[in-house]
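2 protein chains.
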Amino acid sequence: MKQVPPQKAEIILQTALEQFAENGFHSSPISQLASRAGVGVGSIYRYFKDKDELIHAVFKQVDEELQQTITHNFDSTLSDQQQHIQLVVNLIHYLKERPHEFKFLEQYYSSPYGSEEKHAKFLHAEVKEPPNPFANLFASISQKNQQKLPLPLYLAMTFGPVIFLLRDALSGYVELDDALIEQTAAASWRALET
Amino acid sequence: MKQVPPQKAEIILQTALEQFAENGFHSSPISQLASRAGVGVGSIYRYFKDKDELIHAVFKQVDEELQQTITHNFDSTLSDQQQHIQLVVNLIHYLKERPHEFKFLEQYYSSPYGSEEKHAKFLHAEVKEPPNPFANLFASISQKNQQKLPLPLYLAMTFGPVIFLLRDALSGYVELDDALIEQTAAASWRALET
DNA sequence: CTTTCCGGAATGAACGTTCCGTCAGTTATA
DNA sequence: TATAACTGACGGAACGTTCATTCCGGAAAG
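As structure tokens, then:
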């Protein structure tokens, strides 16, 4: 009996993530990916039907870990402001340490792959479902505002700046230090107050 | 002598923009592009050295028109707040009407093409140059803040939400009406105040 | 007639996918 | 325990397709 049969699939997924992030989907021939992973071309097709399925599998893995991380570091006992700032700061820290994941997601979403997909499924559907810390935070913020805060605006002011900043940091235009991260979190909170 | 020699080049550029925006770079064979433009394959290579040059040419055209539009609708006699809100509102309106341009830019920047490029050249270099309304606005805002406003933060809070919102609008997740646009502009201004 | 422009068939390379021989590990046989 | 038969993971050569690019014959312009 093999206790670790799907280890190779993990290696392929991890390598694919790096390869795609660095070179893009089209400049990542399966052959190159295979040699980088130390694996035969044929083996990749043992675990994934075709290249598209591989790409979606990488996305699924990255997406799930991201969601988990976000929903994990959530202390619902804090004030709205503290929760929001914690969310933004943690998110930036997390993605800053994972440039491959970030680049992959960017590419995935702005390609036909992500467009045809649920896209912001997480950001929209997830936030609305009541029994999760996200929904509570949004509901709470929204309620205290004078004019009702639309969900799209909340998402745009929360995640828009984060993405923009990470992009610039990755391009080397910005030194994304802790001070800047905290300023960003504070600023995006300010934007939500009425 | 031809009085309208580059007319065909214009048609190719325009068609390429649409084709790329709708199908992505790799799912846009030159042959398909040619027939869509009502042009022979060979003709495309008369005006553009290869596919890469075509892609960059499309970018250049889109980028230049965008920059021009932004710097044009700028009334430097208004207050900082009014200028900022005008900027954001105009930008959203402009891009909302041009989904092809928006999708193309997104794709370009998150692909190896844009990455190897100047990227936020416009957003960074341009803003800093003194003799333009942008630089003045940023300088003015920055100066009035208690703690100095870093340029990256200003850019992130100004353009980040815009991009995020447009993305969602294009995906059909958000009805981007005038009320939402104005709320966004107001919110991003709030974020900049100290 | 000469020159410039144009279209699209032809070419060659790159790539995704398939297919098959090899081999390590496992099970059956004696 | 030793040996033979089996099984399925594995690599990579080979295949067929797709596509960027070239090239040439003809049309239009002068």
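Heads up: the sequence lines are chains A and B, in that order. Counting in the numbering used here, the first sequence runs from 1 upward without gaps. Counting in the numbering used here, the second sequence runs from 195 upward without gaps. Ideal Cβ placement from N, Cα and C applies to all residues, glycine included. Since this is a predicted model, take the numbers as computed values, not measurements.
Span separating the alpha-carbon of Ala-191/A from that of Trp-383/B: The alpha-carbon atoms of Ala-191/A and Trp-383/B are separated by roughly 7 Å.
Own chain partners of Leu-149/A with C-beta closer than 7 Å, once the 5 adjacent residues on each side are dropped: Ile-141, Ser-142 and Leu-192
Residue range of the unbroken alpha helix (DSSP H) whose run includes Thr-209/B: 201-217
Span of the alpha helix (DSSP H), counted from its first residue to its last, around Gln-266/B: Before going further, note that residue 266/B is His rather than Gln in the sequence given. Unbroken alpha helix (DSSP H) run through His-266/B: 245-266.
Same chain, Cβ closer than 7 Å to Gln-341/B, neighbours up to 5 away in sequence not counted: Thr-388
CB contact flag (Val-174/A, Pro-346/B, <9 Å): yes
Proximity test, Cβ basis, 9 Å: His-26/A and chain B: Answer yes: the Cβ-Cβ gap between His-26/A and chain B drops below 9 Å somewhere.
Cβ-based contacts, 9 Å cut-off: residues of the region 286-300 of chain B near chain A: So the close ones are Lys-297 and Glu-300.
Where the alpha helix (DSSP H) containing Leu-386/B begins and where it ends: 372-386
Selected residue, minimal CA-CA separation from Gly-234/B, among Asn-284/B, His-250/B and Ile-206/B: Its Cα nearest to that of Gly-234/B, the residue Ile-206/B stands out among Asn-284/B, His-250/B and Ile-206/B.
Interface flag, Leu-17/A vs chain B, CB-CB below 9 Å: Interface flag for Leu-17/A against chain B is unset, since no Cβ pair is found closer than 9 Å.
Separation of Leu-91/A from Arg-98/A, as counted between CA atoms: 11 Å
Limits of the alpha helix (DSSP H) - the one that Phe-232/A falls within: Residue 232/A is absent from the model: chain A starts at 1 and stops at 194.
Helix, strand or coil at Glu-369/B [DSSP, three-state]: coil
Contact set between Asn-217/B and chain A, taken where Cβ atoms lie within less than 8 Å: Pro-112
Val-62/A: contacting residues in chain B (beta-carbon distance under 9 Å): Result: empty, since nearest Cβ-Cβ is about 15 Å, beyond 9 Å.
Exposure of Arg-361/B, with buried meaning 16 or more beta-carbon neighbours within 10 Å: buried
Cβ distance (whole Å) where Leu-364/B is taken to contact His-294/B below 8 Å: Not a contact, Cβ separation roughly 10 Å.
Collapsed DSSP secondary structure at Lys-290/B in the structure displayed: helix
Any chain B beta carbon closer than 9 Å to Ser-115/A: yes
Proximal residues to Val-62/A (C-beta, below 8 Å), its chain only, five neighbours per side dropped: Leu-17, Glu-101, Phe-104 and Leu-105
Residues of its chain near Val-4/A, where Cβ-Cβ distance is below 6 Å and the 5 sequence neighbours each way are ignored: Confidence at Val-4/A is low in this model, with a pLDDT of 43, below 50, so its placement is unreliable and no value can be given for it.
Three-state secondary structure assigned by DSSP to Asn-330/B: Helix, per DSSP.
Short CB-CB distance (under 9 Å) between Ala-57/A and chain B: no
Positions along the region 346-359 of chain B whose CB lies within less than 8 Å of some CB in chain A: Pro-346, Leu-347, Leu-349, Ala-350, Met-351, Phe-353, Gly-354, Pro-355, Val-356, Ile-357, Phe-358 and Leu-359: these are the residues of the region 346-359 of chain B whose beta carbon lies less than 8 Å from some beta carbon of chain A, given in chain order.
Minimum Cβ-Cβ distance from Val-89/A to chain B less than 9 Å: no
Other residues of its chain near Thr-209/B: CB distance less than 7 Å, five sequence neighbours each side excluded: Once the five neighbours on either side are set aside, the close Cβ partners of Thr-209/B are Leu-227, Arg-230 and Ala-231.
Residues of the region 32-45 of chain A with Cβ closer than 9 Å to any Cβ of chain B, in chain order: For the region 32-45 of chain A, which is checked against every Cβ of chain B, not one residue is closer than 9 Å.
Cβ pair His-56/A, Tyr-109/A closer than 9 Å: no
Buried versus exposed call for Phe-214/B [16 or more other C-beta atoms within 10 Å across all chains shown]: A buried status is given to Phe-214/B, since no fewer than 16 other beta-carbon atoms sit within 10 Å of its beta-carbon.
Span of the alpha helix (DSSP H), counted from its first residue to its last, around Val-235/B: 235-241
Listed by chain order, chain B residues near Glu-193/A by CB distance under 8 Å: Arg-384
For Ser-31/A, the first and last residue of its enclosing alpha helix (DSSP H): 30-37
Endpoints, the alpha helix (DSSP H) within which Ser-270/B is located: Premise fails: Ser-270/B is in no alpha helix (DSSP H) and is neither H nor E.
Ser-309/B, DSSP secondary structure in three states: helix
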